[in-house]
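Note sheet for the following structure.
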Amino acid sequence: MKLKLAVFGIQPTIDRIHSLLEENKEIELLPFTYSKAEETTTLLDTVYNCDVYLFTEYLSYLYVYNRIEKERLPTIQIEPDPYMVSAALYRLQAEKNVKRIAFDLFDESYLDDVVRELNLDEEPIKPILFDSWEKPDPEQLITSYTTLWNEGNIEYVLASTEEIAAELRGRDIPASTLHLPELRLKEALNQTISLAKLSESENNQMVTGYISVKGIDEKTEIIGHSLDILKRIRRILTRFSTRTDTTFVETEERKFVLYGSEKLHKHLKEHYRSFPLLQEMKSSIKLPVHLGFGLGLSALESAKNAEIAHESCQRSEHSICYITNERQEMIGPIGVKKEIDTSSLYQALIHHARLNNELSYNFIDFITDRNNEPFSTNDVALFYQVTKRSAERTVNKLLTGNVIKIAGEERPYKKGRPRKLFTLNH
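Using the working numbering, the first residue of the sequence shown is number 55, and each one after it goes up by one.
Following this line, the structure appears as structure tokens:
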């Protein structure tokens, strides 16, 4: 599976990244181009299902810093470093004989090192510093540079972004941005790939499944019919494991334990209404089969939740399956078709949520496929194959029309906010 990389930057930088990643088959590049760094705030709303976010200009990163921290998005940002500043100052002084230079910094800690390394006179250099945790004000920076220029204090400006440099050039003030070296760009891309792979390995939700057959446990003498049943279960689970990338073990208590992650999780969500594993076991074994699955952000958490689901199954005299999610909310029984009044639902979608015919029928298909189990905005986006923002608009209409209600939350990743879960309002 390709790693999805969201890159924010001006068009020339995006083009450079396209060129660097041209031969890379493991990354799907999703470019988000802007002319002003502030546009990042709205562009971020359009990003959907990405593994990592790369900000090629530090100014654009600062505009969305609070949101990134709040949602704990995996992010790499390119900040001007001492090498970039040193190279730019050296070229201006050595090649253009420009001595009085102003530039904006996000971190003043390395300024002394740069001045000392290049043996520069500090007096002509006018750094404008601002808090790296606050959103900068480009207009304020432009005003400050313009004042310095009009007063004759500077000959040139090194701006943090092209939008500031372009505005200054429009005022006949010599200006450019710090050059982003290819080596620095490659380094950032390598960091991004490493972070994406780490996030991928950490973020996959763990799934544990406990399976038992009523009437067969550690006290049962395993001969004849019981031995045949256990052999059938092993064969069924072997095939199931191959399809879902899971492993299973048999315990001394004559139970079977399944371990999986993303693929198994997806399989469970796609088969709320008709769970093939349960149906196959029911037809093959002819004894009540209990399947309890647990979701969690660690193997231990998913195992505890699987125990809760399995205990609920054991109260039944029939074959049954439950799922307990990471918030210990019970989902199920799985594999049992729930009756949905599609006629009433359609009327509510049309008249209360104000959806058109196509969206209404699609939502009925969505609810039916999920067997009326709780869903998130993310589930809607995947089903409709639309952006998260578009899915949110549909969900908001459904909430406003009282067609659905909030049913809880899920936390599918270690990083990020919990997702709200919704269900039909009846």
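The C-beta atom is built at its ideal place from N, Cα and C for all residues, glycine as well.
Only a predicted model underlies this, so the values are computations on that prediction, with no experimental measurement involved.
DSSP bridge partner residues for residue i (one or two, in chain order)
i    : result
C375 : L345
G350 : M260
L312 : G263, F302
T129 : Y107
M384 : T378
K459 : T477
I270 : V267
Inter-residue spacing [alpha-carbon to alpha-carbon] between residue i and residue j
i    : j    : result
Y102 : S444 : 11 Å
E380 : D226 : 60 Å
I132 : N78  : 21 Å
T378 : F62  : 38 Å
V457 : S328 : 25 Å
F184 : A407 : Interpretation of F184 is limited by its pLDDT of 47, a score under 50 that renders its predicted location unreliable; no figure is taken from the coordinates.
T301 : D69  : 44 Å
V440 : A60  : 17 Å
L48  : I130 : Since the first residue shown for the chain is 55 and the last is 480, residue 48 is missing from the structure and cannot be characterised.
K323 : Q382 : 16 Å
L97  : F86  : 7 Å
L239 : A156 : 24 Å
E307 : Y264 : 11 Å
A148 : D433 : 58 Å
I283 : S338 : 8 Å
K340 : K124 : 51 Å
M260 : K153 : 59 Å
T110 : A219 : 16 Å
I290 : Y88  : 53 Å
S315 : L195 : 49 Å
F294 : L312 : 10 Å
N426 : R369 : 23 Å
I270 : T422 : 35 Å
P66  : T200 : 26 Å
V139 : L413 : 54 Å
I122 : L243 : 19 Å
E304 : T292 : 12 Å
P134 : A435 : 37 Å
T296 : H321 : 12 Å
S73  : E236 : 11 Å
R424 : M384 : 15 Å
W187 : L116 : Note on W187: pLDDT 42, under 50, position unreliable in the model; no value is reported.
R223 : V211 : 10 Å
R145 : A229 : 13 Å
Residue i vs residue j beta-carbon contact at 8 Å
i    : j    : result
Y112 : P128 : no
E209 : T231 : no
T431 : K442 : yes
K56  : E80  : yes
D158 : A213 : yes
G346 : H319 : no
K309 : S356 : no
Y326 : I394 : no
T100 : V118 : no
K83  : I71  : One point to set straight first is that residue 83 is Leu, not Lys, in the sequence displayed. Contact: yes.
T262 : G386 : no
I418 : T396 : yes
T477 : K459 : yes
C375 : L332 : yes
A91  : S114 : yes
K336 : S280 : no
N416 : Y438 : yes
K285 : P342 : no
L475 : F420 : no
Boundaries (first-last residue) of the beta strand (DSSP E) holding residue i
i    : result
V139 : Taken as a continuous stretch (DSSP letters only), V139 belongs to no beta strand (DSSP E), being part of the alpha helix (DSSP H) at 136 to 149.
T477 : 473 to 478
E82  : 81 to 87
S230 : 229 to 231
K58  : 57 to 63
A213 : 210 to 213
Residue i: first and last residue of the uninterrupted alpha helix (DSSP H) it sits in
i    : result
R154 : Segment: none, R154 is in no alpha helix (DSSP H) and carries neither H nor E.
V434 : 431 to 438
Y119 : 119 to 125
Y415 : 411 to 423
I404 : 396 to 405
A219 : 216 to 224
T201 : 192 to 204
L452 : 442 to 454
K392 : It is not in any alpha helix (DSSP H) - K392 carries neither H nor E in the DSSP assignment.
T100 : No alpha helix (DSSP H) holds T100; DSSP gives it neither H nor E.
E334 : 330 to 339
Any chain C beta carbon closer than 8 Å to residue i
i    : result
K124 : As a matter of chain content, chain C is missing from the structure shown, which is built from one protein chain.
beta-carbon residue i near the ligand MG non-hydrogen atom, thresh 7 Å
i    : result
R154 : No copy of the ligand MG occurs in the structure displayed, which carries no ligand at all.
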